Every structure is written in structure tokens, then in C-alpha cells.
Amino acid sequence: MNSGDTAWVLTSSALVLLMTLPGLAFFYGGLVRRKNVLSILMQCLIILCVITLQWVLYGYSLTFGPDAFKGIIGGLDWAGLRNVGGQPNADYAATIPHYAFMIFQCMFAVITPALIIGTYAERIKFPAFLAFTVLWATFVYNPLGHWVWGMGGWLKDLGALDFAGGIVVHTSSGVSALVLALLIGHRIGYDRRTFTPHNLPFTVLGGALLWFGWFGFNAGSALAANDLAANAFVTTTVATAAAGFTWALIEWMMHKAPTALGAISGAVAGLVAITPACGFVNPMNAIFIGMIASGLCYFAIAKVKSFFKYDDSLDVFGIHGVGGIWGTLATGLFAEKAVNEAGANGLLFGNAELFLIQCMLVLVTVVFAAAMTWAIFKLVDALMCVRVAKTEEIVGLDLTQHSESAYTLVD
Amino acid sequence: MKYIIAIIKPHKLDDVMKTLEEIDVNLMTVSNVLGRGRQMGVTEVYRGAKEVGSLLKKVKLEIAVNEDFVEPTIQAIAKGARTGEIGDGKIFVLDLPEVVRIRTGERGGPAIG
Chain A
12 MNSGDTAWVL TSSALVLLMT LPGLAFFYGG LVRRKNVLSI LMQCLIILCV
62 ITLQWVLYGY SLTFGPDAFK GIIGGLDWAG LRNVGGQPNA DYAATIPHYA
112 FMIFQCMFAV ITPALIIGTY AERIKFPAFL AFTVLWATFV YNPLGHWVWG
162 MGGWLKDLGA LDFAGGIVVH TSSGVSALVL ALLIGHRIGY DRRTFTPHNL
212 PFTVLGGALL WFGWFGFNAG SALAANDLAA NAFVTTTVAT AAAGFTWALI
262 EWMMHKAPTA LGAISGAVAG LVAITPACGF VNPMNAIFIG MIASGLCYFA
312 IAKVKSFFKY DDSLDVFGIH GVGGIWGTLA TGLFAEKAVN EAGANGLLFG
362 NAELFLIQCM LVLVTVVFAA AMTWAIFKLV DALMCVRVAK TEEIVGLDLT
412 QHSESAYTLV D
Chain B
5 MKYIIAIIKP HKLDDVMKTL EEIDVNLMTV SNVLGRGRQM GVTEVYRGAK
55 EVGSLLKKVK LEIAVNEDFV EPTIQAIAKG ARTGEIGDGK IFVLDLPEVV
105 RIRTGERGGP AIG
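Protein chains in written order, with my numbering: chain A, 12 to 422; chain B, 5 to 117.
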């Protein structure tokens, strides 16, 4: 047991909590219309409550518990935190309490379904959101986490690399978001006008909190206060800086002005893309990963989305899906053993095999997340109808789902 | 000259702007307001969820027009704002004795458009 490592992982857990609430909540909350801002904050808050419980009751056991069936799913040996305690578990982190590892991972399980809410924002029924979230955590996040990170997980045993969640968190939520956007349909009026964000300062504030919390997400994933954590910390902020600046430059060239929304979106795209790679690549390659991330995500949002006209309302697929896939593939290109002995060399360091494994990792995740999300949506839709009625959507989710308003016009 | 004031549902603003553009009425002043009508502001709100003082959010349009445009403007607003449900709003038409364009000092009819 190492007190420095324990302190860092516990601190990182709190930092990752900050990403969901208030970070993501305000990043998304600022982007919706005034009548729906509370619904976004509420969904983030409730996910934090509900998925934390789901995690300690059975989610953690399904994901990280001793393998129950051929690397597909963990068993229930650790359900209700049985056999999880203050002593380290050497399989995952030998120098920190098992509890610390468990609660750090809990925050990842929380933020992943919270990322998805951006795609169906402003038009989902609260009970349907709740049912979807719990089912998605159980049937997508828990198995996928086991495959990639769990002891005996089949993708982990193949040698797939995902340092902090580019696949498990971002690609899975991003791809699921795209499927949901197609299934739930666009918001009323989306085909006739663009919806203006109601509070961009909220969005920049939330995005900045995401950047801050992401140090826990990425550097904390070293699970120790060591050189690897420092590498992840540096690559994370370098890639993010490169991505934020690149997005601003792209907009400057394409639309004559760099926007605050663009720069903060670029920063988040960079954070996403460096996530799987941060503990395997060096800082100079991180710059490249960040710049390409902004280019790809900008293209996905500005060109692909408008061409196909799907309403991924807050660009979950455009940022997290595209950024996550790029970061996972980039890991296969830029990973080097000089950075992390436990990792592998990528294509640029003479190892084509890793790149192929990363490609397969992306493919498996895309197919699995898309198919499961489709099935879960259909089930929930049959049980309770996912979308609110037309009049409810017009009045707004704050008033119709939560009986309150964020802002008043008179005191 | 007339001064037209219309109180409409907020989500119908886009439609009203479009119907007004179709008759070449492009000038307007728009503000967020709270208000209520005969139903005391409650019936329209879903599930009886009341807003403070049971006042509903509305949008107010103010448009100054010359006589030729009065009737088309009324028609356009009514067409764009109508849903057929309670709370679609009202249009008030007031006499307008004078208009001054501040930049040029023009007065009356020519100063409106």
C-alpha cells in the first residue's frame, strides 16, 4: 500500500465526479434552450445518483469481478461490494485500497451514460431516460468495460490498449448517441431553423471544468502517483491545447471568426482523443493527435451531420464518437514502449499488429454499442414511449417533466 | 398610420416572422413578456404546473405600419400565430399620430419603412 498513490487516486475520483456535475451538466446545459436547461442538469444529477448505486450493487462486479463466462462478463462475486475492501487487489492496482480503485471506476461508469444525454436533449421523457440509462449501463457499459479492462476480458487478452476510456467511455457513448439520434428523430423545428444556445458562458465554464476534471480521468488512470501519471497529465493538456486552438483556426478560415463555442468544443474533442492514448504516447505526438481530432470532429459536425440531417442535438457522436475512434486508432499509431513499458509499440514504431488490434477494437465496439442501443431503445419505447408529446416539447422539459423553471422574467 | 401590438405564443414567433416577411413587413420590435387571459394562465400549462403568479411566457411584437399594410399585417400575424388552442394571443391596433426617423429627421409615412 502506498499513501501517495492512494491520495492521488482518491483525489482523481473526486475530479472525475466534477466532470459529470457540474462540468458536463453546464457544458450541455448552456447549449440547450432556456426552457430545457434544468432537464439537462437534472439528468446529470440523477445519473450520478442512480449509476453510483447500480455500480456498487452489481455494476462493478459485472465489469471488474472475477470472470464468469469466457471473458464476456464478470460474475456476481463482488456484488454489493462483497470481497471488496480496504486491502489492495493486485490484479488491478497493487498499491491502493480496493475501495479506491472501485470508486475511481464508479465515476467513469457515471459519466459515460451522462455523455449520451446530449443526443436526445430537449425531447425525452424523464422515466424513459431513467430506464434507458440503467439498461444501457448494465448491458453496454458493464460488459464492454469487462472486455477491455476486466481481468480475463477477451479484448484485453488480445492486447487492445485503452488507457483511460477512449473506447469504453467515448466511442461507446458516441456511437450509441448516433443510433439514438436516428431512432428518436429530430426536435420540432430542427428542419426549419437552428437552435441558438441559451447561455454560452455556461458552456465555456462547463467545458473548462471538464478539462480540469479530465486530469483525474487520464492521469488518475495510471492508478499511481508516478511518472506514467505525469506523462498522461502532460499529454492530456498538450493535446487539448492543440485541439482547442486548431478548432478556432478552422472556424477562422471557414467562417471569418473564431468562436468561443468552437474553441471549447475543440478542447473537448482533444480531451476525448487523447484519452485512450495519454499513457502510451509522448507529448509531441499528443499535439498531432489533438490537431487531427479537431479537424475530424469539425468535419463530422459541420459537414456530415448537416448532410445527413440527423439531430444529434449536442454533438455527442461528433465529439465523443469521432474523437474516441480517432484516439483509439491513434494509439495504434503512436504508442511506444519507451513511454509505457506495459503498453506496446504502434505502427510508427514498427508494430503493425497493434494498429490492427485497435481497428478491431473500434469495430467490435461500434457494432456492439449500436446493436445493444437499438435493442434497448426499442424495448423502452414499447414500454413507455421514449419521446414527450408535441405540446410538452413546445412548452419545454423543465416545466413538463420537472414542474419548475430555471429563469423568471419578473421577481 | 397604425401601431400594431400582438401578443403570441413564444414558439410561434418564427412562423409569424415568416408570414410577415411574405408580405414585405420586415420591421418589428420583439420582447419577452408575461401575461394571462381569461383562463388566468393555468389551463394551457401542462399537468397544471403553474408558473409564478400563474402568468405565462408570451412574446410581444410591436409593428408600425402605413394604412395600406394594416390589414395584411393583421392577417399575417393571425395566420402565423394560430394553433387553434387556448392561449394563441391577441392583436391590438392603435392609431399612430407621428413617426420620426432619428437619423434623417423624416416624419410620418416615409419614416416608417
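In this text, a Cβ means the ideal position worked out from N, Cα and C, and glycines have one as well.
None of these values were measured; they are calculated from a predicted model.
Cβ-Cβ distance between H157/A and T214/A below 7 Å
Within the first sequence, the letter at position 146 stands for residue 157/A. Within the first sequence, the letter at position 203 stands for residue 214/A. Result no, Cβ atoms of H157/A and T214/A do not sit closer than 7 Å.
Compare the Cα-Cα distances from L282/A to each of I51/A, F228/A, I114/A and M295/A and report the closest residue.
Along the first sequence, one-based indexing puts residue 282/A at 271. Closest by alpha carbon: F228/A.
When the Cα of I107/A is compared with those of I199/A, G231/A, M53/A and D392/A, which residue comes out closest?
Start at 1 with the first residue of the first sequence, and residue 107/A comes out as number 96. That would be G231/A, whose Cα lies nearest to the Cα of I107/A.
One question on the structure: do G129/A and V397/A come within less than 7 Å of each other, judged by their Cβ atoms?
In the first sequence, the residue the question calls residue 129/A occupies position 118. In the first sequence, the residue the question calls residue 397/A occupies position 386. Not closer than 7 Å, so no.
Can you name, in chain order, every residue of its own chain whose Cβ lies under 6 Å from the Cβ of F366/A, other than the five neighbours on each side?
Mapped onto the first sequence, residue 366/A falls at position 355. Within the same chain, F366/A has close Cβ partners G343 and L358.
Under 8 Å, with one C-beta from each stretch per pair, do the stretch 20-32 of chain B and the stretch 97-107 of chain B reach the 3-pair mark?
no
Listing by chain order, which chain A residues have their CB less than 9 Å from the CB of D92/B?
Sequence index remark: in the second sequence, residue 92/B carries index 88 (1-based). Those within 9 Å of D92/B in chain A number zero; the least Cβ separation is about 13 Å.
Local Cβ density within 10 Å of M53/A, reported as buried at 16 or more and exposed below that:
Residue 53/A sits at position 42 when you count from the first residue of the first sequence. It is buried - the Cβ of M53/A has at least 16 other Cβ atoms within 10 Å.
Cβ-based burial, M12/A [other Cβ within 10 Å; buried from 16]:
Residue mapping note: residue 12/A aligns to position 1 of the first sequence, counting from 1. Within 10 angstroms of the beta-carbon of M12/A lie fewer than 16 other beta-carbons, which makes it exposed.
Below 6 Å, is the gap between the Cβ of N362/A and the nearest heavy atom of the ligand ADP?
Among the ligands in the structure shown, none appear at all, so the ligand ADP cannot be discussed.
Using Cβ-Cβ distances below 7 Å, what residues of the stretch 10-40 of chain B are close to chain A?
H15, D18, N36 and L38
Let me see if you follow: with CB-CB separation under 7 Å, is N13/A close to chain B or not?
Working through the first sequence from its first residue, we reach residue 13/A at position 2. Not closer than 7 Å to any Cβ of chain B, the Cβ of N13/A fails to qualify, so no.
Sequence-distant residues of its chain with Cβ nearer than 7 Å to F119/A (five each side left out)
On the first sequence, position 108 is the one that residue 119/A refers to. Taken in chain order, the residues that qualify are V27, G176 and V180.
Give me the Cα-Cα distance between I67/B and I9/B, rounded to the nearest whole angstrom.
Counted from its first residue, the second sequence places residue 67/B at position 63. Counted from its first residue, the second sequence places residue 9/B at position 5. Spanning the two alpha carbons is a distance of roughly 7 Å.
Near I336/A, which residues of its chain fall below 6 Å by C-beta distance, leaving aside the five closest residues on each side in sequence?
Working through the first sequence from its first residue, we reach residue 336/A at position 325. So the list reads T182 and V373, once near-sequence residues are dropped.
To which residues does DSSP link V34/B through a beta bridge?
Along the second sequence, read from residue 1 onward, the residue named residue 34/B stands at position 30. Paired residues: L65/B.
According to DSSP, is N100/A part of a helix, a strand, or is it coil?
In the first sequence, counting from the first residue as 1, residue 100/A sits at position 89. Strand at N100/A.
What are the residues of the stretch 389-405 of chain A that lie near chain B, defined by any Cβ-Cβ distance shorter than 9 Å?
A400, T402, E403 and I405
Please determine if the stretch 300-317 of chain A and the stretch 245-260 of chain A are in contact, where contact requires at least 3 C-beta pairs separated by less than 8 Å.
yes
Top-ranked residue by Cα proximity to F80/A, from G161/A, I330/A and I285/A:
Mapped onto the first sequence, residue 80/A falls at position 69. Looking at the Cα atoms, G161/A is the closest of the given residues.
Closest by C-alpha distance to I465/A, when choosing among F37/A, A104/A and V151/A:
Absent from the structure is residue 465/A, since the part of chain A shown begins at 12 and ends at 422.
What residue from F388/A, A254/A and A111/A has the CA that sits closest to L146/A's CA?
Sequence index remark: in the first sequence, residue 146/A carries index 135 (1-based). Nearest of F388/A, A254/A and A111/A to L146/A, Cα basis: F388/A.
Quick one: is L21/A near chain B, going by C-beta distance under 7 Å?
Here residue 21/A is taken as the residue at index 10 of the first sequence, counted from 1. Not one chain B Cβ lies under 7 Å of L21/A.
Reducing DSSP to helix, strand and coil, say where V104/B ends up.
Along the second sequence, read from residue 1 onward, the residue named residue 104/B stands at position 100. Correct three-state label for V104/B: strand.
Who does Y309/A pair with in a DSSP beta bridge?
Here residue 309/A refers to the residue found at position 298 of the first sequence. Bridge partners of Y309/A: none, in fact.
Consult DSSP for I12/B and reduce its assignment to one of helix, strand or coil.
One-based indexing of the second sequence puts residue 12/B at position 8. Three-state DSSP puts I12/B in a strand.
Which bits of chain B does G200/A rub up against, with CB to CB less than 9 Å?
Position 189 of the first sequence, counting from 1, holds the residue named residue 200/A. Neighbours of G200/A across chain B, judged by C-beta separation under 9 Å: H15 and D18.
By how many angstroms is the C-alpha of L420/A removed from the C-alpha of L59/B?
The residue you call residue 59/B lines up with position 55 of the second sequence. The residue you call residue 420/A lines up with position 409 of the first sequence. Near 10 Å, if we compare the C-alpha coordinates of L420/A and L59/B.
Taking 7 Å as the CB-CB limit, is L141/A close to chain B?
For this step, residue 141/A is matched to residue 130 along the first sequence. Not one chain B Cβ lies under 7 Å of L141/A.
Give, in chain order, every unbroken run of the alpha helix (DSSP H) that is at least 4 residues long and sits entirely within the stretch 244-314 of chain A.
271-285 and 294-310
Beta-carbon gap between V63/B and K6/B smaller than 7 Å:
The sequence position of residue 63/B within the second sequence is 59, counting from 1. The sequence position of residue 6/B within the second sequence is 2, counting from 1. Going by C-beta atoms, V63/B is not nearer than 7 Å to K6/B.
For I199/A, count neighbouring Cβ atoms within 10 angstroms of its own Cβ and tell me buried if that reaches 16, exposed if not.
As a working mapping, residue 199/A is identified with position 188 in the first sequence. Answer is exposed; the Cβ neighbour count stays below 16.
List, in order along the chain, the chain B residues whose C-beta lies closer than 7 Å to that of V421/A?
As a first step, residue 421/A must be located in the first sequence, where it is residue number 410. L38, listed in chain order.
Using a C-beta cutoff of 7 Å, does R204/A count as contacting chain B?
Translated into positions along the first sequence, residue 204/A becomes position 193. Yes, its Cβ sits closer than 7 Å to a Cβ of chain B.
In chain order, what residues of the same chain have a beta carbon less than 8 Å from the beta carbon of N94/A, not counting five sequence neighbours either side?
Working through the first sequence from its first residue, we reach residue 94/A at position 83. D88.
Helix, strand or coil for R40/B, going by three-state DSSP, please let me know.
The residue given as residue 40/B occupies position 36 in the second sequence. If DSSP states are grouped into helix, strand and coil, R40/B belongs with coil.
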